[in-house]
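K.L.:
Counting in numbering that gives the first Met the number 0, the sequence shown runs from 0 upward without gaps.
Where a beta carbon is used, it is the ideal one built from N, C-alpha and C, also for glycine.
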Amino acid sequence: MGGGALFFYLSAQLRAQGKTAYLSDVNPELVNVYQCVRDRVEDLIQQLNAHQADHCETHYYSVRSQQPTDPVQKAARFIYLNKTCYNGLYRENSKGFFNVPIGRYKSPKICAPDLLRPASAALQIAEISTRPFSTVLARATTPQDFVYFDPPYHPLSDTSKFTAYSRYSFAEPQQTALKEAIAQLAQQKVKVLASNSDCAFIRELYSGFDIKTITAARSINSKASKRGKITEVLIIA
């Protein structure tokens, strides 16, 4: 699911056609954010405004150490930390705890009602759940179905192995399983699009598919000189 850019781009068309979108991710924290944006956006805005008013280094580390159980508080915490942490990086340790230090922002914009409310309206046509990618095989079965996969990208080198934003591993065996799922969907004439790194492993893995090279902007890197535009691949089946 990630940032949901493709869904939001297509949402008006899907609504006009009376269709339902099924959005899923293995990260329950991210799924909860989308559910709260859809179902409780005004409560979420209120919580984010409170974080905006209280933001400072002490508040950041206090919020980071908390584990709220209320869904809206959890979603607000997720967004607040994402907006104020170092480089906007979401990273969990092996126990599932967010562990990124505070970023160097003078006045980060934590709450954006002008974006959240339209997102909430768009998400009214979506079913949102915590699921692995393999569950789509039982749901998408016809040529009228379209599936987009946005997995953790395969690392470009041994020194760039941070690709997972959560404690769930997505290494070569999982990349291979995803390819096999895409092949199965393609056999059923389901329309499939997937994104990934532009690297030898991915190109070889998908050698039998239509691969397009695109340019994308990336801002997450410990070295500022290495941030900017990179090439990625789109796999079409």
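Who are Asp38's beta bridge partners in DSSP?
P.N.:
According to DSSP, which records beta bridges pairwise, Asp38 is partnered with nothing at all.
K.L.:
To the nearest angstrom, report how far apart Arg202 and Leu88 are at their CA atoms.
P.N.:
27 angstroms
K.L.:
Indicate whether the contact test is met: 3 or more Cβ pairs, each with one atom in the segment 145-154 and one in the segment 188-197, closer than 8 angstroms.
P.N.:
Short answer: they touch.
K.L.:
Specify, as a first and last residue, the run of the alpha helix (DSSP H) that Val71 falls within.
P.N.:
Segment Pro70 to Thr83, the alpha helix (DSSP H) holding Val71.
K.L.:
Determine the closest residue to Asn81 out of Leu9, Ser93, Tyr60 and Arg39, with distance taken between C-alpha atoms.
P.N.:
Ranking Leu9, Ser93, Tyr60 and Arg39 by Cα distance to Asn81 puts Tyr60 first.
K.L.:
Below 8 angstroms on the Cβ atoms is my guess for Tyr152 versus Asn195; work out the distance and round it to an integer in Å.
P.N.:
6 angstroms
K.L.:
From Tyr21, Leu9 and Ala11, pick the residue whose C-alpha is nearest to that of Leu136; which is it?
P.N.:
Tyr21
K.L.:
Are Thr212 and Lys228 closer than 8 angstroms when you measure CB to CB?
P.N.:
no
K.L.:
Count the CB pairs spanning the segment 35-51 and the segment 89-98 that are closer than 8 angstroms, and state whether there are at least three.
P.N.:
no
K.L.:
Counting along the chain, where does the beta strand (DSSP E) carrying Ala193 start and finish?
P.N.:
Lys190 to Ser196
K.L.:
Among Gln183, Leu122 and Leu43, which one has its Cα closest to the Cα of Ser10?
P.N.:
Leu122
K.L.:
Can you have a look at Ala170 and say buried or exposed, based on whether 16 or more other CB atoms are within 10 angstroms of its CB?
P.N.:
Classification of Ala170: exposed, given that the 10 Å Cβ count is below 16.
K.L.:
Ignoring anything shorter than 3 residues or poking outside the segment 106-166, list the beta strand (DSSP E) runs there in chain order.
P.N.:
125-129 and 145-148
K.L.:
Nearest-angstrom Cα distance between Ala118 and Phe7?
P.N.:
7 angstroms
K.L.:
Counting only the same chain and skipping the five closest in sequence on each side, list residues whose C-beta sits under 7 angstroms from that of Pro112.
P.N.:
Contacts found: Ile44.
K.L.:
Count the other CB atoms, across all protein chains shown, that sit within 10 Å of the CB of Ala199; report buried if there are 16 or more and exposed otherwise.
P.N.:
Counting Cβ neighbours within 10 Å, Ala199 comes out exposed, since fewer than 16 surround it.
K.L.:
Output the residue ranges of the beta strand (DSSP E) runs that lie fully inside the segment 14-60 and measure 3 residues or longer, sorted by chain position.
P.N.:
20-24
K.L.:
Quick one: is Gly3 buried, meaning 16 or more other Cβ sit within 10 Å of its Cβ, or exposed?
P.N.:
buried
K.L.:
Check the Cβ-Cβ distances between Asp38 and every residue of chain B, and say whether any is below 8 angstroms.
P.N.:
Of the protein chains in the structure, only one exists, and it is not chain B.
K.L.:
From the DSSP output, in three-state form, read off Lys228 for me.
P.N.:
If DSSP states are grouped into helix, strand and coil, Lys228 belongs with the strands.
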